[in-house]
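Notes follow the structure.
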Amino acid sequence: MPDEIGTGAVGTIEGLLVETRRFPPPPEFAAQANINDPSVYERARQDPEGFWASIARELEWDQPWQTVMEWNPPWVKWFVGGKLNASVNCVDRHLKAGRRTKAAIIWEGEPGDERVLTYQDLYREVNRVALALRRLGIEKGDRVAIYLPMIPELPIAMLACARIGAPHSVVFGGFSADALADRINDCQAKLLITADGGYRRGRVVPLKETADRALDRCPSVEKVLVVRRIGESHQVTMQAGRDLWWHEVLAGIREQYCPPESLDSEHPLYILYTSGTTGKPKGQLHTTGGYLTGVYITSKWVFDLKPDDIYWCTADIGWVTGHSYIVYGPLANGATVVMYEGSPDWPDKDRFWDIVERRHVTILYTSPTAIRQFMRWGPEYPARHDLSSLRLLGTVGEPINPEAWMWYHEHIGRGRCPIVDTWWQTETGMILITPLPGLTTTKPGSATLPFPGIEPDILDEAGNSVPTGQGGYLVIRRPWPSISRTLWGDPDRYVKTYFSKYGPSIYVTGDGAKRDEDGYYWILGRVDDVLNVAGHRLGTMELESALVGHPVVAEAAVIGVSHEIKGQVPVAFVSLRAGYTPSDSLAEELRRHVAEVIGPIARPERVIFVADLPKTRSAKIMRRLLRDIAEGRVLGDTTTLTDPTVVEEIKRTWIAEH
Ligand code: WT7
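This is the structure we're talking about:
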């Protein structure tokens, strides 16, 4: 088992477990924290449903639920019979609560332009866009695809969809035309919302052109709403009868109020695609009442959100982190959220610290990859700035190595700020394993303890809990309100992926983990063929099918290899079709090809040409052996291979190239 666990993390994990540094919550922090009564864990353990119900009651419901949870494993429903609207909870509610003039979103464009939307502004925009969507024929239940840069129109569009009960499916702006088309087609979106472009490192990302290429094969899309972000300097073609300018459609909306749909607690809120072990992305379906309950309370307790906080999560809204902890969670709390469009090194490598200083950011949530990048750039960049507004730091997306944790603590937190290392997934919707900053003593590299009401375990192959210190499969034993309800259009795959290894009531996360003597969790990384590149999930199969889609490729196997900054990077082993010979330019061509098919995040770090791939007699590619080679380990069992010499040959090639 341990050598099957992920890649990259294995080498360091023994080191993680001997980590002896401890950081108790600073007393001043604990004294003011939203949650500082340790009995919360026991209360939630004794009556999980009562616990979740007490939290759900903090939201605004049009109609109360009859049953807190209905569980027919693996299927679960929360707050059954209850009715509510997510946009009302994220916007309208705060107007009544005296937050009309409070900033909801402080947005900064990469070129330096800015927009501040108060809750009143957000309310007006969400209502008007909701009206516009209705006018364009979008009805409750219709899917709306959103392919936008990090501009305020993105959360506005999401909340407008939520208002009329049209599930949105946001596609990360870095994805290719093919990836966008696959997602649109999978959920059969009727409308696409995109922009003429976005800014990244001073250049224009041509979203509309990419969308146009995708739409050539998306018959379900009837209309395209185009936000003008760039304007004159970047012309786009508008297809008559299909494409409409966002500002023109809105100019035609006279009313100010769009009555929200009163939605069933289990009404779909959104679909968000994740990579899995096969080539086809999985449409995770999140519903309304339970999801909102989960992200609301984790935002409040894990980030300790207070009325005066300026909270900044640096993720892109195209990923679940942005959905839960830029949009729905913080806004359900009436918080002030900072949103930044561009790159951390534009115009210089201190852009983040410049934003923290100028905006008086108090809570910062970012990724280990970003932190390692900042370490590489050097402490002089944050040192140029006054970061004294910060009071809490968070990380998410990958295991954080203790050195990066300590650097974050010293150079960003200046030794004062608690750090919350939050473990969760697109499927889980909300943070599940995390410190509570007013209660938990942290250890660098550990996500620490389950959130109240969450019951994880670590199992061996046979389904027994493993002893302290031993690696195993991380599972969750009881449902929580924000778990993904199914995979859009593919319930069988949902059951097979998450609820078959140990039966229908145990959720299998796909991660390996260990527990220490204090019951703290140490996440070891993926146990399946999923890579985690800079905090983003990529399926090896996805990359492999992109590679074999190229005319010169016969076969391909992709593995993740440890990388100093990105955690992992893809490395591709490729055999060529007869008549082609390996060359540097061909390797480069294949790397470019993968970036084009999937998106730049998927570009393999290296392409290694091999004569053949190691396969079992049942023709399965043994990626494990490739990982052993790449990470310099003694080769595992090779007796099941059809031809053991193949792997020796690959090993020679690998060593020769290093
Ligand atoms: C995978 C989920 C959840 C938002 C971002 C990624 C890894 C996530 C941590 C953490 C160690 C982590 C896991 C997980 N992961 N957070 N704090 N420590 N690993 O969402 O794309 O659904 O990926 O990210 O491997 O399974 P995602």
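The opening residue of the sequence shown carries number 1 in UniProt numbering; numbering runs sequentially from there.
Using N, Cα and C, we set each Cβ at its ideal position, and we do this for glycine too.
query: Specify which residues have a beta carbon nearer than 7 Å to any heavy atom of the ligand WT7, listing them in chain order.; result: 274, 319, 320, 321, 395, 396, 397, 398, 399, 400, 421, 422, 423, 424, 425, 426, 427, 447, 509, 510, 511, 523, 525, 526, 532, 535, 536 and 537
query: Residue 652 bridges to which residues according to DSSP?; result: Answer is none; residue 652 lacks a bridge partner.
query: Restricting to runs no shorter than 3 residues, where is the beta strand (DSSP E) found entirely within the segment 198-226?; result: 198-200 and 203-205
query: DSSP on residue 532, reduced to helix/strand/coil?; result: strand
query: Can you check whether the CB of residue 224 is closer than 8 Å to the CB of residue 663?; result: With the chain covering only 1 through 658, there is no way to say anything about residue 663.
query: Can you tell which of 214, 123 and 96 has its C-alpha closest to the C-alpha of residue 146?; result: 214
query: Tell me whether residue 518 counts as near the ligand ATP, meaning its Cβ is closer than 7 Å to at least one heavy atom of that ligand.; result: With respect to small molecules bound, the structure shown includes the ligand WT7 and not the ligand ATP.
query: Along the alpha helix (DSSP H) that carries residue 300, what are the first and last residues, could you check?; result: 289-302
query: CA-CA distance, residue 253 and residue 231?; result: 22 Å
query: Which whole-angstrom value describes the C-beta separation of residue 442 and residue 418, a residue pair presumed to lie in contact below a C-beta threshold of 8 Å?; result: 7 Å
query: Just to confirm, are residue 319 and residue 593 a CB contact at a threshold of 8 Å?; result: no
query: Just to confirm the assignment, what range does the beta strand (DSSP E) spanning residue 311 have?; result: 310-313
query: Once the 5 residues before and after residue 557 are set aside, which same chain residues still bring their CB inside 7 Å of it?; result: 544, 573, 613, 621, 623 and 626
query: Measuring CB atoms only, is the segment 497-509 touching the segment 474-489, in the sense that at least three cross pairs come out at less than 8 Å?; result: yes
query: Please return the same chain residues whose Cβ sits closer than 7 Å to the Cβ of residue 64, not counting the five positions on each side in sequence.; result: 82
query: Using CA coordinates, which residue listed in 534, 105, 412 and 183 is at the minimum distance from residue 125?; result: 105
query: With a threshold of 8 Å, are at least 3 pairs of Cβ atoms found where one atom belongs to the segment 147-156 and the other to the segment 116-131?; result: yes
query: Going by DSSP in three states, residue 362 sits in which element: helix, strand or coil?; result: coil
query: Looking only at C-alpha atoms, which of 100, 53 and 101 sits nearest to residue 80?; result: 53
query: For the segment 425-435 against the segment 284-301, are there 3 or more C-beta pairs whose distance is under 8 Å?; result: yes
query: Is the segment 64-79 in contact with the segment 235-252, if contact means three or more CB pairs nearer than 8 Å?; result: no
query: Which residues bound the alpha helix (DSSP H) around residue 397?; result: From DSSP, residue 397 is part of no alpha helix (DSSP H); its letter is neither H nor E.
query: DSSP beta-bridge partners for residue 72?; result: 75
query: Taking all protein chains shown into account, do 16 or more other C-beta atoms lie within 10 angstroms of the C-beta of residue 686, making it buried, or fewer, making it exposed?; result: Only positions 1 to 658 of the chain appear in this structure, which leaves residue 686 out of reach.
query: Which residue or residues does DSSP assign as beta-bridge partners of residue 512?; result: 473 and 525
query: Can you tell me which of the three DSSP states residue 246 falls into?; result: helix
query: State whether the segment 163-180 contacts the segment 264-278, with contact taken as three or more CB pairs (one from each stretch) at a distance under 8 Å.; result: yes
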